[in-house]
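Colleague: Have a look at this one before I ask anything.
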Amino acid sequence: MDLEQRVAELERRLDALESADPAVRVPSGGDFWALEGLKEQLAQVAGGGVLFTGVVRLPNEERYEWQYELLTEQLLDTDWSEAAEVFAALGHSLRLRLLREILGGRRTATELAGLDDVGTSGQIYHHLRQLTAAGWLRQAGRGRYEIPAGRVVPLLVALATARPA
Numbered sequence: 011m012d013l014e015q016r017v018a019e020l021e022r023r024l025d026a027l028e029s030a031d032p033a034v035r036v037p038s039g040g041d042f043w044a045l046e047g048l049k050e051q052l053a054q055v056a057g058g059g060v061l062f063t064g065v066v067r068l069p070n071e072e073r074y075e076w077q078y079e080l081l082t083e084q085l086l087d088t089d090w091s092e093a094a095e096v097f098a099a100l101g102h103s104l105r106l107r108l109l110r111e112i113l114g115g116r117r118t119a120t121e122l123a124g125l126d127d128v129g130t131s132g133q134i135y136h137h138l139r140q141l142t143a144a145g146w147l148r149q150a151g152r153g154r155y156e157i158p159a160g161r162v163v164p165l166l167v168a169l170a171t172a173r174p175a
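Just so we're on the same page, this note's numbering is the position in the sequence shown counted from 1, plus 10.
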């Protein structure tokens, strides 16, 4: 493993540690254990809040634990137009495929270019740049890409919200 790969791996591990919640709650019964816990925590907050969390183990054995909570008031008082670029980056089927492949372990532009039906290397780099600019990817060395640890669970949550109810 060369120095760039070692540094990228150390950065990924540090990012995962910094974004992980050390007190991961395990379901203790009931279908809405997370909701009940949130309701208890926000009992004195008039507008309520939103919580999403996850414990993810990828096929390559990388593991991510993540939790995010915001008060409803905080969400409603922000400029939603600022989120447009972040969502727009996910609005292309090839970009979603690239993200899935990167989560699955294909991390270099060369590996991604070897996939069927992904276009030219120029097209791939165009999509990688858009995903990077929106924060869904970061460069982890020369031609290597990874999804920041703090974006793995949010990406999966975004995909889950796109599924039919």
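Just so it is clear, CB atoms sit at the ideal spot from N, CA and C, and this is done for glycine as well.
Candidates 83, 65, 86 and 70: which alpha carbon is nearest residue 76's?
Modeller: When each option's Cα is compared against that of residue 76, the closest is 65.
Colleague: My understanding is that residue 147 touches residue 157, with C-beta atoms under 8 angstroms, so please give their C-beta distance in whole angstroms.
Modeller: With 8 angstroms as the limit, residue 147 and residue 157 qualify as a contact, their Cβ atoms being about 6 angstroms apart.
Colleague: Three Cβ pairs or more, each shorter than 8 angstroms: is that satisfied between the region 105-118 and the region 133-150?
Modeller: Yes: the two stretches touch, three or more of their Cβ pairs being nearer than 8 angstroms.
Colleague: Exposed or buried, residue 175, counting other C-beta atoms within 10 Å across all chains shown (16 or more means buried)?
Modeller: Exposed, because fewer than 16 other Cβ atoms sit within 10 Å of the Cβ of residue 175.
Colleague: Are residue 59 and residue 68 touching if we call contact CB-CB under 9 angstroms?
Modeller: It is not a contact, given that the beta carbons lie outside the stated cut-off.
Colleague: Return the CA-CA distance between residue 97 and residue 84, expressed in angstroms with no decimal places.
Modeller: C-alpha separation (whole angstroms): 19 angstroms.
Colleague: Give the single residue among 102, 91 and 116 whose Cα lies nearest to the Cα of residue 133.
Modeller: For the residues 102, 91 and 116, the minimum Cα distance to residue 133 belongs to 102.
Colleague: Would you list the one or two residues that DSSP bridges to residue 156?
Modeller: In DSSP, residue 156 forms a bridge with 148.
Colleague: In terms of DSSP beta bridges, what is residue 74 paired with?
Modeller: Bridge partners of residue 74: 66.
Colleague: Does residue 159 pass the burial test, meaning 16 or more other C-beta atoms within 10 Å, or should it be called exposed?
Modeller: Residue 159 is buried by the Cβ-count criterion.
Colleague: Could you compute how far the alpha carbon of residue 78 sits from the alpha carbon of residue 106?
Modeller: Spanning the two alpha carbons is a distance of roughly 22 angstroms.
Colleague: With a threshold of 8 angstroms on Cβ separation, who are the neighbours of residue 131 within its own chain once the five nearest residues in sequence on each side are excluded?
Modeller: Closer than 8 angstroms at Cβ, skipping near neighbours: 119 and 123.
Colleague: Quick one: what's residue 59 bridged to in DSSP?
Modeller: DSSP output for residue 59 lists 81 as bridge partner(s).
Colleague: Between the Cα of residue 99 and the Cα atoms of 21, 12, 165 and 18, which residue gives the shortest distance?
Modeller: Checked all of 21, 12, 165 and 18; the closest Cα to residue 99 is 165.
Colleague: Report the CB separation of residue 167 from residue 62 in whole angstroms; it is logged as a contact under 8 angstroms.
Modeller: With 8 angstroms as the limit, residue 167 and residue 62 qualify as a contact, their Cβ atoms being about 5 angstroms apart.
Colleague: Grab me the residues of residue 86's own chain with a C-beta within less than 7 angstroms of its C-beta, minus the 5 sequence neighbours each way, in chain order.
Modeller: Closer than 7 angstroms at the Cβ level, and outside the excluded window around residue 86, lies no residue.
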